[in-house]
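Numbering (our numbering), first residue to last: 19 to 82.
So this is what it looks like as structure tokens:
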């Protein structure tokens with residue numbers, strides 16, 4: 019049987035369906051973006067997110 023012209027067509031089909039988990043794992047690095055909403059805390063000077071309480075100052079408040 020002459021399979022020469024059919025070989026390229028048959029090889030291009032995936033054997034199994036790609037699962038949702040596999041797709042998400044493969045595409046995960048595409049969605050990572052750097053945080054742009056980081057500023058210095060005016061009280062202690064450590065990094066904190068805008069409109070959030072500084073974690074360092076929060077620990078000090080909980081101790082007191």
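For every residue, glycine included, the Cβ atom is placed at its ideal position computed from N, Cα and C.
Problem set entry | Reduced DSSP category for residue 56 - H, G, I as helix; E, B as strand; rest coil | Of the three classes helix, strand and coil, the one that applies to residue 56 here is strand, per DSSP.
For this session: Look at residue 48 and residue 57 and say whether their C-beta atoms are less than 9 Å apart.
Result: Going by beta carbons, residue 48 and residue 57 fall outside the 9 Å limit.
Exercise. How many angstroms separate the CA atom of residue 75 from the CA atom of residue 45?
Worked result: Between residue 75 and residue 45, the alpha-carbon positions lie close to 37 Å from each other.
For this session: State the Cα-Cα distance for the pair residue 63 and residue 34, rounded to the nearest angstrom.
Result: Just so you know, the alpha carbons of residue 63 and residue 34 end up roughly 53 Å apart.
Exercise. Name the DSSP beta bridge partners of residue 67, please?
Worked result: The secondary-structure analysis by DSSP pairs residue 67 across a beta bridge with 56.
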